[in-house]
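Quick note: the sequence shown, position 150, residue 196 per the numbering used here, numbers continuous.
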Amino acid sequence: MALAIPSVPLILMGICLCFRIANYNSPETKDPKKIYMTNIDEPLYVAISLDIDPDANSAVEGRHDTLSFPIEHGKINIEACRKGLQRILECLDFYDIDATLFYEARTAQMLIADRMDLPGLSERHEVACHSLKHEDFLGKVSGMPMDEKSIDNAVTEAKRILEDIFKRDIKGFRAPYTRINRAIVKILEQTGFQYDSSETIAMGKEWKGGPFPLEMFDSNLLELALPSFYDAKGKRMSSYLWAIFEGRRVSGDYIDAVLWARGVAKGGLFVFSIHPWHLYVDCQGNPFNREQVQKNWENLEYILSQLKRMQGVQIIRQDNYLDQWLQS
Numbered sequence: 047m048a049l050a051i052p053s054v055p056l057i058l059m060g061i062c063l064c065f066r067i068a069n070y071n072s073p074e075t076k077d078p079k080k081i082y083m084t085n086i087d088e089p090l091y092v093a094i095s096l097d098i099d100p101d102a103n104s105a106v107e108g109r110h111d112t113l114s115f116p117i118e119h120g121k122i123n124i125e126a127c128r129k130g131l132q133r134i135l136e137c138l139d140f141y142d143i144d145a146t147l148f149y150e151a152r153t154a155q156m157l158i159a160d161r162m163d164l165p166g167l168s169e170r171h172e173v174a175c176h177s178l179k180h181e182d183f184l185g186k187v188s189g190m191p192m193d194e195k196s197i198d199n200a201v202t203e204a205k206r207i208l209e210d211i212f213k214r215d216i217k218g219f220r221a222p223y224t225r226i227n228r229a230i231v232k233i234l235e236q237t238g239f240q241y242d243s244s245e246t247i248a249m250g251k252e253w254k255g256g257p258f259p260l261e262m263f264d265s266n267l268l269e270l271a272l273p274s275f276y277d278a279k280g281k282r283m284s285s286y287l288w289a290i291f292e293g294r295r296v297s298g299d300y301i302d303a304v305l306w307a308r309g310v311a312k313g314g315l316f317v318f319s320i321h322p323w324h325l326y327v328d329c330q331g332n333p334f335n336r337e338q339v340q341k342n343w344e345n346l347e348y349i350l351s352q353l354k355r356m357q358g359v360q361i362i363r364q365d366n367y368l369d370q371w372l373q374s
């Protein structure tokens, strides 16, 4: 995951340094004239993405799927997710913003059962996949790494459920906990996904926000990575906004990051991500009071409003950005 601007999030995420982008914006893959236009005349593209999953969820030792805090209750909750998603979608409509919605398939089913019109509410947005049950694929917490067949079954079923609900092709994937490996990437390719959006990469000289093939996993699947960057004090931060509501940063940190990226990554994609439930409960599942909820919304709306009026910045869905990039 500034005026007296309310606080904003931070997740220190693992930064993958072992990638190769030799083909990105190279004369072998792009027309030199188009490279010039990308570097000089194009805006910085910004994507607003949502990870739509259970409230205050956590990986749990001894099981593959996630539970909501407090995990000792052994269940998942979606009340805060439902309220947050409904209001975020209304907010995006108000600001005329098209977003990318990474749905956990189980959560989508539960929201539908709760009489939420997900197809209608999501109509203008990209619908992408955030797993079946927020699985700990790599077993970092569960202690039980999933085998390739189990991962295949989960990813295939998640894609099937989402395509059945939304009646459209699902092109994008973001792994739970943003953790992927060679087996997951192979399955994504085989299952027909067009891109992954799980990696976090330092934005700057080496990477300017463009798609790149996941060569470190021996794959041609394209990655639309989440950026990491430095704040004014030289501390690394990510574009995940989950901690915006935990009081760990101020909104200006994120606006400053976009202004900086606008100067170094024209034509690239700067991806923000939000958990809808985090507007109403903290990471431990404790409900925010009314004043804190209002402050959270002020934070989010401030960032969206600033992005909308920012010159040299264009907000775009992740699938539309990738289509545009492939055609350039």
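For glycine and all other residues, C-beta sits at the position ideal for the given N, C-alpha and C. This one's a predicted model, so the numbers in the text were calculated from it and none came from an experiment.
Assign residue i to buried or exposed, taking buried as 16 or more other Cβ atoms, counted over all protein chains shown, within 10 Å of its Cβ.
i	result
L372	exposed
N345	buried
N332	exposed
Y367	buried
A159	exposed
S374	exposed
G255	buried
D111	buried
N335	exposed
Do you know offhand how far residue i's Cα is from residue j's?
i	j	result
I117	P89	44 Å
V92	F239	21 Å
S274	Q370	23 Å
N123	P100	6 Å
G309	V231	32 Å
E209	G280	43 Å
Q132	R294	25 Å
I349	S297	7 Å
K195	S265	18 Å
P165	T224	25 Å
L167	D97	16 Å
V359	F316	10 Å
L268	K251	20 Å
R161	F258	39 Å
Y82	K354	Residue placement at Y82 is flagged as unreliable, the pLDDT there being 30, under the threshold of 50; the coordinate-derived value follows with that caveat. Going from the Cα of Y82 to the Cα of K354 covers about 26 Å.
V304	L287	14 Å
Y326	D299	22 Å
T246	S284	8 Å
Return helix, strand or coil for residue i, following the three-state DSSP convention.
i	result
S72	Caution is warranted here: a pLDDT of 31 is assigned to S72, below 50, making its placement in the model unreliable, and the coordinate value is therefore given only provisionally. It is coil, neither helix nor strand.
Q357	coil
M162	coil
N103	strand
I320	strand
D242	strand
P333	strand
E125	helix
L184	coil
M83	For M83, the predicted structure reports a pLDDT of 36, less than 50, and the residue's modelled location is therefore unreliable. A value from the coordinates is still provided. Three-state DSSP puts M83 in a helix.
S351	helix
How many whole angstroms separate the CB atoms of residue i and residue j, which I take to be in contact at a CB cut-off of 8 Å?
i	j	result
F148	S95	6 Å
R220	A278	So it is not a contact: roughly 28 Å between Cβ atoms.
K186	A105	7 Å
M249	A307	6 Å
K179	R152	5 Å
S188	R109	6 Å
So residue i is in the alpha helix (DSSP H); what residue range does that whole segment cover?
i	result
C175	From DSSP, C175 is part of no alpha helix (DSSP H) but of the beta strand (DSSP E) over 172-175.
Y300	297-310
V231	228-237
A204	194-212
Y367	364-373
Which residues mark the beginning and the end of the beta strand (DSSP E) in which residue i is found?
i	result
A248	246-248
T146	146-149
D97	90-98
Y141	Note, Y141: premise wrong, no beta strand (DSSP E); not H, not E.
R282	282-284
Y276	272-276
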